[in-house]
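This report concerns only the one structure given below.
2 protein chains.
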Amino acid sequence: METAVVLLSGGLDSATCLAMARAEGFRCHTIAFDYGQRTRSELQAAERVSAALGAESHRVIELGMGGIGGSALTDHAIDVPENGGEGIPVTYVPARNTVFLSLALGLAEVVGADAIFIGVNAVDYSGYPDCRPEFIDAFQHLAGLATKAGVEGHPVRISTPLMALSKAEIIRRGTELGLDYSLTVSCYQADAEGRACGRCDSCRLRREGFEQALIKDPTIYQS
Amino acid sequence: METAVVLLSGGLDSATCLAMARAEGFRCHTIAFDYGQRTRSELQAAERVSAALGAESHRVIELGMGGIGGSALTDHAIDVPENGGEGIPVTYVPARNTVFLSLALGLAEVVGADAIFIGVNAVDYSGYPDCRPEFIDAFQHLAGLATKAGVEGHPVRISTPLMALSKAEIIRRGTELGLDYSLTVSCYQADAEGRACGRCDSCRLRREGFEQALIKDPTIYQS
Chain A
0 METAVVLLSG
10 GLDSATCLAM
20 ARAEGFRCHT
30 IAFDYGQRTR
40 SELQAAERVS
50 AALGAESHRV
60 IELGMGGIGG
70 SALTDHAIDV
80 PENGGEGIPV
90 TYVPARNTVF
100 LSLALGLAEV
110 VGADAIFIGV
120 NAVDYSGYPD
130 CRPEFIDAFQ
140 HLAGLATKAG
150 VEGHPVRIST
160 PLMALSKAEI
170 IRRGTELGLD
180 YSLTVSCYQA
190 DAEGRACGRC
200 DSCRLRREGF
210 EQALIKDPTI
220 YQS
Chain B
0 METAVVLLSG
10 GLDSATCLAM
20 ARAEGFRCHT
30 IAFDYGQRTR
40 SELQAAERVS
50 AALGAESHRV
60 IELGMGGIGG
70 SALTDHAIDV
80 PENGGEGIPV
90 TYVPARNTVF
100 LSLALGLAEV
110 VGADAIFIGV
120 NAVDYSGYPD
130 CRPEFIDAFQ
140 HLAGLATKAG
150 VEGHPVRIST
160 PLMALSKAEI
170 IRRGTELGLD
180 YSLTVSCYQA
190 DAEGRACGRC
200 DSCRLRREGF
210 EQALIKDPTI
220 YQS
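Chains as they are written, first to last, in numbering that gives the first Met the number 0: chain A, 0 to 222; chain B, 0 to 222.
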C-alpha cells in the first residue's frame, strides 16, 4: 500500500482530492496550515474532513505568513473582493502553493510518502499563477533535487487529480465517492461557525459548481 | 538602486552573503525563521547582523517545522553528531531550503525585490541536497512560474554568491568587507549566550575555515 501526504485547506477541492487519494488506496497523512488566514473555521473543517475520510494522521503547521503580508486573505487591511474582476486578484497569497508544497515535501520525506496530493485546478482557478500545470511540473523537478529521497532515486510524485476538472466535475466525483460537502468550508470570509458569506469569488465558484453539477448545495450560508 | 531579500540564519555564511549584497549596492530586507531550531541564540545573532549591516527591515517568520520532525535540529530526541560521517547527516532538516526560499519568494513579491540572496555553498556544504547548484537552478525556474512578478515577466533572481567559495574564502571576503564575525553564531548547539560547543560539524567547519584563512577566530566557545 502506498503512502501519500495530502494538502487540506478545509475547502471543497482539497477534500475531494483526499477522497480520490483514499479511493486510489493510499494511506494518507493530511497537512493543513495556520497561516493567519481570515477564516479560522477552515482549519476546523480540514480536521473534520481528515477524520471523516480515515486519514492516518492530521497536522496543522503554524506559518507566520502574516509577517509577510500582501494578500486580502492574510492582511485584514485589504478587503476581500465580491465581484470577480480581471487578472491576479488581491486574495492571491504570495508564493502560497510553493510554501505549502515545500512543507508537504518535508513531511513526505519524514513519513516516506510516495506521493503528495494537492487539489489545484487550472479550469476554475481564480487566476492564481501557482495553480497551473507548468508550476506543478517545475515543483516536481525541484522535488527530485531538493530531498534525500530524490537524491537516492525515489523522488516523491506530485499528484494533481483535479487539474483538468471543472468545479461541477469535481463535485460530481466527490459525491460519487460519498464525500459529504457540508463538512467543507470554501468561503474567504466564513463566520466562526463556518457559515459562508455567499458573495465572495470562492462562494460564487462553489455555488455555480453545484448548480452545474445538478447536485443540491449543502453549504450553510449566513442569513 | 535594486532591492533584495536576504535569508539570514545568524551564522557566518548568511552574514557574509548580506555583507556582499550590501557591497553590491542592494537595499536589503532580511528574513529569519523561527522553526523550532535547537539554538535560539541564532535568531538573536540574525537580528544583530541585520542591524549592523544596515538592512531596511528584518522579519522573523514563525514556522512550525517541529510538527514535521525528522531532524536533529528540530527534534530533540535525535542527538547532534560530533564526528562528521558519510552521506546526508541527521542535522538535515527535510526540505528546509525549499521552505525558506519559498517564504523569501513571497516576501520578494511583497517588497518588489529584484533578487533573493541565499548563502548556500557547494564546497563545504555538509552534504545537504538542497545546497547544490542544480537545486538553485530548479528553484529559479520555479520562481519564474510561481509568482505574479514571474508571470508579468520580471522573475526574481536567486543569487548565491558563496556557492563556489571555500569556508576560508568566505571568511576572507567577509573580513575584507568589515564584517565582525563575533556577531554570528554557527554552532548547532550553542548555549543561551550564543557560545559555541566547539565539537559539532558546524563548529568544526567554522574553526577550520578561520585556520585556513589565517584569520583569528573570534568565536566564543563554552569553557
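Beta carbons are placed, not taken as given, at the ideal position from N, Cα and C, and that holds for glycine. On a predicted model such as this, the values are computed, not experimentally measured, just so you know.
Next on the checklist: Along the stretch 114-136 of chain A, where does the CB come closer than 8 Å to a CB of chain B? Name the residues.
Outcome noted: Pro128, Asp129, Arg131, Glu133 and Phe134
Checklist entry - Can you give the Cα-Cα distance for Leu6 of chain B and Arg194 of chain A, rounded to whole angstroms? => result Against the second sequence, residue 6 of chain B aligns to sequence position 7. Against the first sequence, residue 194 of chain A aligns to sequence position 195. When rounded, the distance between both Cα atoms is 40 Å.
Next on the checklist: Please list, in chain order, the chain B residues whose beta carbon lies closer than 8 Å to that of Met64 of chain A.
Outcome noted: By 1-based counting over the first sequence, the position of residue 64 of chain A is 65. Simply Ile60, Leu102 and Gly105.
Next on the checklist: Counting only Cβ pairs nearer than 8 Å, list the residues of chain A close to Thr29 of chain B.
Outcome noted: The sequence position of residue 29 of chain B within the second sequence is 30, counting from 1. Near Thr29 of chain B there are no residues of chain A at all, since even the closest Cβ is about 12 Å away, more than 8 Å.
Checklist entry - Which whole runs of the alpha helix (DSSP H) in the stretch 152-180 of chain B are 4 residues long or more, in chain order? => result 166-175
Checklist entry - Would you call the CB atoms of Leu17 of chain B and Met64 of chain A closer than 9 Å? => result Here residue 17 of chain B corresponds to residue number 18 of the second sequence, with the count starting at 1. Here residue 64 of chain A corresponds to residue number 65 of the first sequence, with the count starting at 1. Not a contact, by the Cβ cut-off of 9 Å.
Next on the checklist: What would DSSP say about Thr29 of chain A, mapped onto helix, strand or coil?
Outcome noted: Translated into the one-based positions of the first sequence, residue 29 of chain A becomes position 30. In this structure, Thr29 of chain A counts as strand in the three-state DSSP scheme.
Next on the checklist: Quick check on Leu213 of chain B: does DSSP put it in helix, strand or coil?
Outcome noted: In the second sequence, residue 213 of chain B corresponds to position 214, counting from 1. If DSSP states are grouped into helix, strand and coil, Leu213 of chain B belongs with coil.
Next on the checklist: Within 10 Å of its beta-carbon, does Gln36 of chain B have 16 or more other beta-carbons around it, so buried, or fewer, so exposed?
Outcome noted: Looking up residue 36 of chain B in the second sequence gives position 37. So Gln36 of chain B ends up on the buried side.
Checklist entry - Shortest alpha-carbon distance to Thr183 of chain B belongs to which of B:Ala3, B:Glu1, B:Thr15 and B:Arg203? => result Translated into the one-based positions of the second sequence, residue 183 of chain B becomes position 184. Residue B:Thr15 is the option with its Cα nearest to Thr183 of chain B.
Next on the checklist: Under 8 Å: does the beta carbon of Glu1 of chain B sit that close to some heavy atom of the ligand PLP?
Outcome noted: No copy of the ligand PLP occurs in the structure displayed, which carries no ligand at all.
Checklist entry - What does Arg58 of chain A pair with, by DSSP beta-bridge criteria? => result On the first sequence, position 59 is the one that residue 58 of chain A refers to. According to DSSP, which records beta bridges pairwise, Arg58 of chain A is partnered with A:Ile30.
Next on the checklist: So the candidates are B:Leu100, B:Asp113, B:Ala54 and B:Ala22; which of them puts its Cα closest to the Cα of Thr174 of chain B?
Outcome noted: Start at 1 with the first residue of the second sequence, and residue 174 of chain B comes out as number 175. That would be B:Ala22, whose Cα lies nearest to the Cα of Thr174 of chain B.
Item to check | is_contact[Ala195 of chain A, chain B] using C-beta, thresh 9 Å | outcome: In the first sequence, residue 195 of chain A corresponds to position 196, counting from 1. Chain B contact via Cβ: absent.
Next on the checklist: Closer than 8 Å between beta carbons: that is the criterion. Which residues of the stretch 163-175 of chain A meet it against chain B?
Outcome noted: none
Checklist entry - Count the other CB atoms within 10 Å of the CB of Leu104 of chain B; is the residue buried (16 or more) or exposed (fewer)? => result Mapped onto the second sequence, residue 104 of chain B falls at position 105. Buried.
Item to check | Ala22 of chain A (DSSP reduced to helix, strand or coil) | outcome: Numbered from 1 along the first sequence, position 23 holds the residue referred to as residue 22 of chain A. Of the three classes helix, strand and coil, the one that applies to Ala22 of chain A here is helix, per DSSP.
Next on the checklist: For Ile115 of chain B, report the span of its beta strand (DSSP E) as first-last.
Outcome noted: Counting from 1 along the second sequence, the entry for residue 115 of chain B is found at position 116. Unbroken beta strand (DSSP E) run through Ile115 of chain B: Ala114 to Phe116.
Next on the checklist: Here's the rule I'm using: 16 or more other beta-carbon atoms within 10 Å means buried, otherwise exposed. How should Leu213 of chain A be labelled?
Outcome noted: Against the first sequence, residue 213 of chain A aligns to sequence position 214. With fewer than 16 other Cβ atoms within 10 Å, it is exposed.
Checklist entry - At least one CB of chain B closer than 9 Å to the CB of Leu144 of chain A: is that the case? => result The sequence position of residue 144 of chain A within the first sequence is 145, counting from 1. It does; some Cβ of chain B falls within 9 Å.
Next on the checklist: What would DSSP say about Thr2 of chain A, mapped onto helix, strand or coil?
Outcome noted: For the purposes of this step, residue 2 of chain A is identified with residue 3 of the first sequence, where counting begins at 1. Of the three classes helix, strand and coil, the one that applies to Thr2 of chain A here is strand, per DSSP.
Item to check | Residues that Val155 of chain B contacts on chain A, provided the C-beta gap is smaller than 8 Å | outcome: Numbered from 1 along the second sequence, position 156 holds the residue referred to as residue 155 of chain B. Within chain A, no residue comes near Val155 of chain B; the closest Cβ sits about 10 Å away, beyond 8 Å.
Item to check | Chain-ordered chain B contacts of Gly149 of chain A [CB-CB under 8 Å] | outcome: If you number the first sequence from 1, residue 149 of chain A lands on position 150. Going along chain B in sequence order, the residues near Gly149 of chain A (Cβ under 8 Å) are Pro128.
Checklist entry - Do we get a CB-CB distance below 9 Å when we pair Ala54 of chain A with the residues of chain B? => result Start at 1 with the first residue of the first sequence, and residue 54 of chain A comes out as number 55. So no, Ala54 of chain A is outside the interface.
Checklist entry - How big is the Cα-Cα spacing for Ser181 of chain A and Gly9 of chain A? => result For the purposes of this step, residue 181 of chain A is taken as residue 182 along the first sequence, with counting starting at 1. For the purposes of this step, residue 9 of chain A is taken as residue 10 along the first sequence, with counting starting at 1. Computed Cα separation, rounded: 11 Å.
Checklist entry - Does the separation of the CB atoms of Leu161 of chain A and Val4 of chain A fall below 9 Å? => result As a working note, residue 161 of chain A is residue 162 in the first sequence. As a working note, residue 4 of chain A is residue 5 in the first sequence. No, the Cβ-Cβ distance between Leu161 of chain A and Val4 of chain A is not below 9 Å.
Checklist entry - Among A:Met19, A:Val119 and A:Arg95, which has the Cα closest to the Cα of Tyr34 of chain A? => result Walking along the first sequence from the start, residue 34 of chain A turns up at place 35. Checked all of A:Met19, A:Val119 and A:Arg95; the closest Cα to Tyr34 of chain A is A:Arg95.
Checklist entry - Is Tyr187 of chain B near Ser201 of chain B, with beta carbons less than 9 Å apart? => result Translated into the one-based positions of the second sequence, residue 187 of chain B becomes position 188. Translated into the one-based positions of the second sequence, residue 201 of chain B becomes position 202. Yes.
Next on the checklist: As a quick exercise: from A:Ile170, A:Ser49 and A:Phe99, pick the residue whose alpha carbon is nearest that of Glu207 of chain A.
Outcome noted: In the first sequence, counting from the first residue as 1, residue 207 of chain A sits at position 208. Looking at the Cα atoms, A:Ile170 is the closest of the given residues.
Item to check | For Val92 of chain B, the nearest candidate out of B:Val122, B:Ala112 and B:Asp129 (CA to CA) | outcome: Taking the first residue of the second sequence as position 1, residue 92 of chain B is located at position 93. Nearest option by C-alpha distance: B:Asp129.
Checklist entry - Taking three-plus beta-carbon pairs below 8 Å as touching, is the stretch 41-50 of chain A in contact with the stretch 110-122 of chain A? => result no
Checklist entry - So is Ile67 of chain A in contact with chain B if we call contact Cβ pairs under 9 Å? => result Residue numbering aside, residue 67 of chain A sits at position 68 when the first sequence is read from its first letter. With 9 Å as the cut-off, Ile67 of chain A counts as an interface residue toward chain B.
Item to check | Alpha-carbon to alpha-carbon, Gln139 of chain A and Ile157 of chain A | outcome: For the purposes of this step, residue 157 of chain A is taken as residue 158 along the first sequence, with counting starting at 1. For the purposes of this step, residue 139 of chain A is taken as residue 140 along the first sequence, with counting starting at 1. Computed Cα separation, rounded: 6 Å.
Item to check | Local Cβ density within 10 Å of Pro217 of chain B, reported as buried at 16 or more and exposed below that | outcome: What you label residue 217 of chain B is simply residue 218 of the second sequence in a count that begins at 1. When all chains shown are included, Pro217 of chain B counts as exposed.
Checklist entry - Going along the chain, which residues of its own chain have a beta-carbon closer than 7 Å to the beta-carbon of Glu55 of chain B, five neighbours each way excluded? => result Taking the second sequence and counting its residues from 1, one reaches residue 55 of chain B at position 56. Excluding positions up to five away in sequence, the list reads Arg26, Cys27 and His28.
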